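Worksheet: the structure to be examined is printed underneath.
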Amino acid sequence: MTLTHPAYGQLRTVTPNASVLLADNPGQMTLDGTNTWILKAPESAEYVVVDPGPKDRAHVDAIAEATGGAIALTLITHHHHDHTGGIDRLVDLTGTVVRAKDPTFLRGTEAALADGEVIEAAGLRIEVLGTPGHTTDSVSFVLADGVLSGDTVLGFGTTVLESRPGALADYLASLDRLLAAGDGRPLLPAHGPDHPDLGPVLRYYIEHRHQRLEQVRAALAELGADAGPMAVVRKVYADVDKKLWPAARSSVQAQLDYLRTN
Numbered sequence: 011m012t013l014t015h016p017a018y019g020q021l022r023t024v025t026p027n028a029s030v031l032l033a034d035n036p037g038q039m040t041l042d043g044t045n046t047w048i049l050k051a052p053e054s055a056e057y058v059v060v061d062p063g064p065k066d067r068a069h070v071d072a073i074a075e076a077t078g079g080a081i082a083l084t085l086i087t088h089h090h091h092d093h094t095g096g097i098d099r100l101v102d103l104t105g106t107v108v109r110a111k112d113p114t115f116l117r118g119t120e121a122a123l124a125d126g127e128v129i130e131a132a133g134l135r136i137e138v139l140g141t142p143g144h145t146t147d148s149v150s151f152v153l154a155d156g157v158l159s160g161d162t163v164l165g166f167g168t169t170v171l172e173s174r175p176g177a178l179a180d181y182l183a184s185l186d187r188l189l190a191a192g193d194g195r196p197l198l199p200a201h202g203p204d205h206p207d208l209g210p211v212l213r214y215y216i217e218h219r220h221q222r223l224e225q226v227r228a229a230l231a232e233l234g235a236d237a238g239p240m241a242v243v244r245k246v247y248a249d250v251d252k253k254l255w256p257a258a259r260s261s262v263q264a265q266l267d268y269l270r271t272n
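Under my numbering, read the sequence shown as residues 11 to 272, first letter to last.
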């Protein structure tokens, strides 16, 4: 029987070069859980792992078992603990080298990931695409048969942005870059189901961000130009579970900064 998402702890083939192991860490911010992507060309005896997932012994052990420990390289999309918590156990089990944009998560190398870099491993050509917005260190990985988008684009729902100045401008640019690089290729996100074509999802994301900006503009027209982020959240996200309002506040702060500086 063909596996479908979500399939906890089971290696599910998605494309000829990409399979996924779903960590059993569902939640409001992780959706069904964290997807660990396991990549290799059919002729390769080695693997590339993307995001070892949370600090979950069973999940990391499943990664080691699925790869037979033959991991040429582990790549990190961004620093959040549900993507990086499993790094050290995976290194202990397999000796894998780990590369990330944030040097904190490098293991066995001093080479941080660089935008535009091309990595050749496990018979694959992997292009590194800097896609900040969700976090400053967010990167995506472009393969011939898929785009691994980390948390920049999810399998369903939308992405929380950093509250730092410039986050939304960075994020909109990241969406444009991803669309240009991956239109027509499968979307392989870090949370939620994969999609056969990245294009429609990216276009929805871009439209959604511009709709939210218009909603924030309308809220400011009613509340006053100097309204704070939580006042805007209460207006714009009135129909959203209040447990999600702190995350919404971060995105609204990014939108307010964008509107006040552009």
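Every residue, glycine too, gets a C-beta built ideally from N, C-alpha and C. Bear in mind the structure is a predicted one, so any value in this text is a computation, not a measurement.
Between the beta-carbon of residue i and the beta-carbon of residue j, is there less than 7 Å?
i	j	result
A72	G19	yes
P196	T25	yes
L49	A28	yes
T169	T141	no
H201	L164	yes
V152	L134	no
D98	P64	no
G160	T87	yes
L289	L158	Residue coverage of the chain in this structure runs from 11 to 272, which leaves residue 289 outside it and unanswerable.
Please go through the same chain and pick out, in chain order, the residues whose beta-carbon is closer than 7 Å to the beta-carbon of residue i, but skip the five residues on each side of it.
i	result
Y247	W255, A258
L171	G143, H144, A177, L178, Y181, S260, S261, A264
Cα separation between residue i and residue j?
i	j	result
S184	T104	33 Å
D180	R244	25 Å
T54	A131	First, the amino acid is wrong: residue 54 is Ser here, not Thr. Their backbone Cα atoms lie some 9 Å apart in a straight line.
P206	A228	36 Å
A33	V128	28 Å
G167	D42	12 Å
P52	D155	13 Å
A68	P62	11 Å
A275	L85	Nothing about residue 275 can be read from this structure; the chain reaches only from 11 to 272.
R283	D125	Because the chain here runs from 11 to 272, residue 283 falls outside it and cannot be looked at.
G79	T271	49 Å
L100	E56	15 Å
L212	G194	11 Å
Leaving aside the five residues before and after residue i along the sequence, list all residues of the same chain whose C-beta is less than 6 Å from its C-beta, in chain order.
i	result
H15	P203
V107	L83, G118, T119
Could you give the DSSP three-state label for residue i: helix, strand or coil?
i	result
T94	helix
P206	coil
S260	helix
F166	coil
G192	helix
A228	helix
S184	helix
I216	helix
Give me the residue from the options with the minimum Cα distance to residue i.
i	options	result
R22	T46, M39, L41, Q38	T46
V60	A74, P142, D236	A74
G192	L230, K253, E172, I136	I136
L189	T44, L171, A177, E217	E217
I81	V70, G194, H91	V70
K253	L31, G37, V30, A17	G37
P239	Y215, R187, S173	S173
Here's a check: name, in chain order, each residue in its chain whose Cβ is nearer than 8 Å to the Cβ of residue i, leaving out the five neighbours to either side.
i	result
H89	A110, D112, T114, F115, T145, D147
V226	V242, V246, V262, Q265, L266, L269
D66	A33, D34, N35, G95, G96
V250	A258
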